[in-house]
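**Student:**
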Amino acid sequence: MKKNILIPTDFSENSWNAITYALSFFKKEQCDFYFLHVTPYTEMMGGDSFYSSKDTVLEKITSSDKEQMQSLLKRVEKSSLNTKHRFFTINEYIFFVDAIRKQIKEKSIDFIVMGTKGASGLKEKTIGSNTGDVITKVKCPVLVIPEKANYSRPKEIAFPTDYNIYYKSKVLDTITNILTMNAAALRVLHIAKKEQELTDLQRKNKDFLDDFLEDDIEHSFHFLSNPNIEEAVQCFVESRDIDMITMIAKNLNFFQRILFHPTVEKISYHTETPFLVLHE
């Protein structure tokens with residue numbers, strides 16, 4: 206089945222890294238890739254009094270965007286790994302999240318792929334504001350590619366969860382699709398401050414997950430006790446040689462701590478390990 210992939214780009218190296226990762230990740234799939242460039246709203250308003258009118262600003266921006274988009278397209282076509290990949294370009298001049306939502310609806314997007322930081326990558330932030338907005342406000346699976354991530358076929362995918370949420374089939378179908386596509390194994394990771402019995406709800410959710418994955422998907426369950434969630438994830442990623450981390454956005458407590466926490470020394474998964482964020 207054909208997949209529709211949306212890749213926002215600001216022409217930075219970080220977004221190019223996300224593009225090359227996506228081309229490799231979906232190399233065996235039939236895909237339509239949509240490259241979307243959104244001009245920041247402030248530029249649109251002609252923040253520079255040097256220009257005589259908003260129209261002049263728009264003309265100048267539009268032609269430069271189109272040129273950059275064309276050279277990006279040439280670069281992509283040279284890198285393409287599959288003749289069943291088709292490429293389309295889109296320039297938008299509205300607020301970033303609105304532009305993303307519009308494309309998801311119009312193009313029936315299956316996955317968004319984006320870098321963690323844009324051209325203005327702030328060192329102390331683990332995730333740029335546009336990426337953060339898309340992950341939290343847009344209901345579509347997002348594959349987040351950090352600046353140092355190099356593609357290798359994901360063989361082990363970690364799934365941190367506290368078993369406190371019921372897993373809807375839409376989310377589990379996406380996970381199994383990715384696992385099957387890569388012949389990968391799922392490592393379900395429960396992190397808690399200290400070891401204690403699971404509540405009835407947690408046990409029920411864990412059993413449901415186990416039943417859903419059944420025998421056709423290689424999977425295992427792991428427990429780590431550590432008051433620091435990021436350290437536990439880092440330790441797990443290193444010890445198991447994890448290639449990707451998947452999370453459910455609704456599992457907020459976990460999700461925000463693992464993904465949005467400022468980078469601490471010793472924590473490198475932020476800069477190296479791709480994240481697949483799922484929405485119900």
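Numbering (this note's numbering), first residue to last: 206 to 485.
Note that CB positions come from ideal geometry on N, CA and C, so glycine has one too.
Since we're looking at a predicted model, the values are computed, not measured.
Give me, in chain order, the residues of the same chain whose beta-carbon lies closer than 7 Å to that of A304; leave out the 5 immediate sequence neighbours on both sides.
**Tutor:** L241, V243, E297.
**Student:** Counting C-beta neighbours from all protein chains within 10 Å, is the total for M206 16 or more, i.e. buried, or is it exposed?
**Tutor:** Label assigned to M206: exposed.
**Student:** Runs of 4 residues minimum, wholly inside the stretch 378 to 457: which ones carry the alpha helix (DSSP H) assignment?
**Tutor:** Here the runs fully enclosed are 405 to 418, 434 to 445.
**Student:** So what does DSSP say about D315, is it helix, strand or coil?
**Tutor:** Here D315 sits in coil by DSSP.
**Student:** Measure the Cβ-Cβ separation of T366 and V349 and say whether it is below 8 Å.
**Tutor:** Not a contact, by the Cβ cut-off of 8 Å.
**Student:** Report the rounded CA-to-CA distance for Q308 versus S276, giving the unit in angstroms.
**Tutor:** Q308 and S276: Cα-Cα distance of roughly 22 Å.
**Student:** For A454, which residues in the same chain have their Cβ closer than 6 Å to its Cβ, ignoring the five residues on either side in sequence?
**Tutor:** F460, V482, H484, listed in sequence order.
**Student:** According to the neighbour-count rule (16 or more other Cβ atoms, all chains shown, within 10 Å of its Cβ), is S220 buried or exposed?
**Tutor:** S220 is buried by the Cβ-count criterion.
**Student:** Using the C-alpha atoms, what's the distance from L464 back to T476?
**Tutor:** So the two alpha carbons sit approximately 11 Å from each other.
**Student:** Starting from I295, follow the beta strand (DSSP E) in both directions and report where the run begins and ends.
**Tutor:** Where I295 is concerned, the enclosing beta strand (DSSP E) stretches over 290 to 297.
**Student:** From I212, N222, N209, Y368, pick the residue whose C-alpha is nearest to that of Y356; which is it?
**Tutor:** Per the Cα distances, N222.
**Student:** Thinking just about the alpha-carbon of each residue, which of E272, P432, N287, R280 is nearest to the one in F231?
**Tutor:** For the residues E272, P432, N287, R280, the minimum Cα distance to F231 belongs to N287.
**Student:** Determine, using beta carbons only, whether A390 and E443 come nearer to each other than 8 Å.
**Tutor:** No; because the gap between Cβ atoms is not below 8 Å, this pair is not in contact.
**Student:** Run the CB neighbour count on Y368, radius 10 Å, all protein chains shown included, and call it buried at 16 or more, exposed below.
**Tutor:** With 16 or more Cβ atoms within 10 Å of its Cβ, Y368 is classed as buried.
**Student:** Which whole-angstrom value describes the C-beta separation of D237 and F316, a residue pair presumed to lie in contact below a C-beta threshold of 8 Å?
**Tutor:** That pair is no contact at about 11 Å.
**Student:** Hey, S430 and E400 are a contact pair by Cβ (cut 8 Å); roughly how many whole angstroms apart?
**Tutor:** That pair is a contact at about 5 Å.
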